[in-house]
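Notes follow once the structure below has been shown.
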Amino acid sequence: MHFSIPDLQQFRDDNGITYTGYNIYIDGFFHCTARYKQLLSLHEQLQAQYPHLKLSGFPSKKFFLTSSQLEERRILLEKYIQLVGQNPVFANSGILITFLFSAQQETHSVRVHVVDIEISLMNGYRIPLSVSSTDSSSTVLDIACNSVNLSKDLTKYFSLYLLNWSCAKDGQPCLKKLEDYESPYISQKYVRPEDKIVLRKSYWDPCYDMDLMIDRVSLDLLYLQLIEEVDLGWIIADQQTKEILSSYEAQKQKREYIELARSLRHYGSIPAGEALTDAVNIGEADATVIRARVSLASKELTLTSVTHPSHEQRYKVTRMRCWRITTLHNVERSQANGHDSLLDVPSKNFELSFEYLISKDNLVWVTLRTEHAIFISVCLQSIVDELMRQKSGEGPTSPRCKRASLAYLRRDGSTHLITPSSSSDTLSSVNGDSSGSSREIFSVQKLTEKFASVAFKSGKDCVENNAFEAIGDEEL
Numbered sequence: 001m002h003f004s005i006p007d008l009q010q011f012r013d014d015n016g017i018t019y020t021g022y023n024i025y026i027d028g029f030f031h032c033t034a035r036y037k038q039l040l041s042l043h044e045q046l047q048a049q050y051p052h053l054k055l056s057g058f059p060s061k062k063f064f065l066t067s068s069q070l071e072e073r074r075i076l077l078e079k080y081i082q083l084v085g086q087n088p089v090f091a092n093s094g095i096l097i098t099f100l101f102s103a104q105q106e107t108h109s110v111r112v113h114v115v116d117i118e119i120s121l122m123n124g125y126r127i128p129l130s131v132s133s134t135d136s137s138s139t140v141l142d143i144a145c146n147s148v149n150l151s152k153d154l155t156k157y158f159s160l161y162l163l164n165w166s167c168a169k170d171g172q173p174c175l176k177k178l179e180d181y182e183s184p185y186i187s188q189k190y191v192r193p194e195d196k197i198v199l200r201k202s203y204w205d206p207c208y209d210m211d212l213m214i215d216r217v218s219l220d221l222l223y224l225q226l227i228e229e230v231d232l233g234w235i236i237a238d239q240q241t242k243e244i245l246s247s248y249e250a251q252k253q254k255r256e257y258i259e260l261a262r263s264l265r266h267y268g269s270i271p272a273g274e275a276l277t278d279a280v281n282i283g284e285a286d287a288t289v290i291r292a293r294v295s296l297a298s299k300e301l302t303l304t305s306v307t308h309p310s311h312e313q314r315y316k317v318t319r320m321r322c323w324r325i326t327t328l329h330n331v332e333r334s335q336a337n338g339h340d341s342l343l344d345v346p347s348k349n350f351e352l353s354f355e356y357l358i359s360k361d362n363l364v365w366v367t368l369r370t371e372h373a374i375f376i377s378v379c380l381q382s383i384v385d386e387l388m389r390q391k392s393g394e395g396p397t398s399p400r401c402k403r404a405s406l407a408y409l410r411r412d413g414s415t416h417l418i419t420p421s422s423s424s425d426t427l428s429s430v431n432g433d434s435s436g437s438s439r440e441i442f443s444v445q446k447l448t449e450k451f452a453s454v455a456f457k458s459g460k461d462c463v464e465n466n467a468f469e470a471i472g473d474e475e476l
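Following this line, the structure appears as structure tokens:
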């Protein structure tokens, strides 16, 4: 998980006492607001649960902080929570998942009640559901799959996502996987109200398509998704191939459509917007910086030149030793001789760099300057996770994190004991959504306008690729 705390805000409780809340983002999206003492309680419970794993760097307790001291605390809390997210034991712990789920519910003052939501298929068909406002992503996924009569054995191949259709049409990152530390209802209504909740396959490796094609319902879901991806241009086909696909679609020849789509360029790719890069072999030979479209698919990242779409550079994920995200400051537009130059584009505030094995014992850094660095990093980690599951003989998995017992400290200082068997309404029995008197309404700006340091610059603090060690000489 990519954590950040880009800013803070001031609240006033029922007694008129002012306190500070820290806005926590996960994978680039606002998730919750928490007080220092809530994060301290989380830290203490993580350390008690895992005494053999020491978490250093939690800021010390101080009173009556000045503005500069509050900013220093924000930075230290951000670095701390990033360390938690980079440790697989802590990141997958039931304590953290339960805390995040409860904090999201408290942040938006959501009480448990039945709500009507819509789950869309990739062709726009909408499935109306009645769920609890605090149902987790896995619970809503089960309800959605059951409503379309999908076999329980095949549910693991699918997940729920928030999808922005306008971004999807523009080739921008448009998908946000709904994880089990969040409520789909809350994430859509309060964070991304313009998005739709969609049901789509959640794996990268096309080999899993074969498992879906033996079942009528899962075959239909795959078929509908591929139609939409061809229409969006995610899957590239020439005019003749498009006509054949249209013929298959008109005649409801679903298997034939899928088989042909699987043979096409960029099958299974997810667009990740544009980037400026110094990578070679994807543009003019004399260009020092190339504008490229980024996409990710099973086991690879692809850069396609914007000016020469036939020029591509593909990077195997298994040959990336590690990657890192760096925040850039004061990046300005440039001009050459009074004319627009290649660099005359909107500022890109982040860099994603990965160390790539281009030949045996020869590692080089490849850098992408892009506002979508976090999205790309999340996709890379997802690909690596799938590769590691395959290496250990496991198949796809949907977001199912086990809850743990947690003494959840609310903002007002009261403690609520949450157990795995607790009702999904862990914080209150009052029906309906409400806004507490200590809740301040605030607007969540674009991440690129307010994001602080999202990772570390030194090589030893990069995200290590566990799949890198699987490389053999035959792959070079």
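Per UniProt numbering, residue 1 is the first one in the sequence shown, and the count goes up by one each step.
Note that the Cβ used here is the ideal one computed from N, Cα and C, for glycine as well.
Within the stretch 146–210, the complete alpha helix (DSSP H) segments of 4 residues or longer fall at 165–169, listed in chain order. Per DSSP, the beta bridge partners of Val294 are Leu303. Assignment of Leu328 by DSSP, reduced to helix, strand and coil, places it in the coil class.
Residues His31, Cys32, Glu182, Ser183, Ile186 of the same chain have their beta carbon placed closer than 7 Å to that of Gln104, with the five preceding and five following residues left out of the count. In the structure shown, Lys62 falls within a coil segment according to DSSP collapsed to helix, strand and coil.
Residue environment: Glu394 is assigned as exposed (fewer than 16 neighbouring CB atoms within 10 Å of its CB, all protein chains considered). DSSP, read as helix, strand or coil, puts Tyr267 in coil. Three or more beta-carbon pairs separated by less than 8 Å link the stretch 209–220 to the stretch 144–159, which places the two stretches in contact.
Segment contact: the stretch 95–104 against the stretch 400–410, three or more CB-CB distances shorter than 8 Å; contact assigned.
Here the C-alpha atom of Thr18 lies approximately 22 Å from the C-alpha atom of Ser102. Under the 8 Å Cβ criterion, the stretch 298–311 counts as touching the stretch 197–212, having at least three qualifying pairs. Around the beta carbon of Glu106, 16 or more other beta carbons lie within 10 angstroms, which makes this residue buried. Counting along the chain, Lys316 sits inside the beta strand (DSSP E) bounded by residues 312–316. By a beta-carbon distance limit of 8 Å, Ile325 contacts Ile374. Their separation comes to about 7 Å.
By a beta-carbon distance limit of 8 Å, Phe63 does not contact Leu40. Their separation comes to about 13 Å.
In the structure shown, the three-state DSSP call for Ile81 is helix.
Three or more Cβ pairs drawn from the stretch 66–75 and the stretch 4–15 lie within less than 8 Å of each other, which places the two stretches in contact. The closest CA to that of Ala261, considering only Arg291, Tyr223, Tyr50, is found on Tyr223. Cβ atoms of Ala272 and Ala292 stay farther apart than 8 Å, at about 10 Å. Spatial neighbours of Val89 in its own chain (CB-CB distance under 8 Å, excluding positions within 5 residues in sequence) are listed in chain order as Tyr50, Leu53. The beta carbon of Glu118 sits closer than 6 Å to the beta carbons of Arg126, Pro128 from its chain, once the five residues preceding and following it are set aside; these are given in chain order.
Secondary structure in the UniProt domain "PX" (1–107): the beta strand (DSSP E) runs of 3 residues or longer, each lying completely within the stretch, are 3–12, 18–26, 29–34 in chain order.
A residue is called buried once 16 or more other Cβ atoms fall within 10 Å of its Cβ, and Lys254 is buried on that count. Separation of Tyr248 and Tyr267 (C-alpha to C-alpha, rounded to the nearest whole angstrom) is 18 Å. Put simply, of Val317, Lys316, Thr367, Arg314 the residue whose alpha carbon is nearest the alpha carbon of Asp278 is Thr367. When C-alpha distances from Ala250 are compared across Leu232, Glu259, Ile227, the shortest belongs to Ile227. Asn362 is bridged by DSSP to Ser359. Taking Glu312 as the centre and dropping the five residues before and after it, the same chain places the C-beta of Ile282, Thr302, Leu303, Thr304, Ser305 closer than 8 Å to its C-beta, in chain order. Collapsing the DSSP output to three states places Ala275 in a strand. Around the beta carbon of Glu259, fewer than 16 other beta carbons lie within 10 angstroms, which makes this residue exposed. For Ala373, the enclosing alpha helix (DSSP H) covers residues 373–391. If you ignore the 5 residues before and after Leu417, its C-beta comes within less than 6 Å of the C-beta of Ala407, all in its own chain and listed in chain order. DSSP places Thr415 inside the beta strand (DSSP E), whose first and last residues are 415–418. Per DSSP, Glu259 lies in no beta strand (DSSP E); the unbroken alpha helix (DSSP H) holding it starts and ends at 254–262. DSSP places Ser246 in the helix class (H, G or I) of the three-state scheme.
Following the DSSP letters along the chain, one finds Ser218 inside the alpha helix (DSSP H) bounded by residues 216–232.
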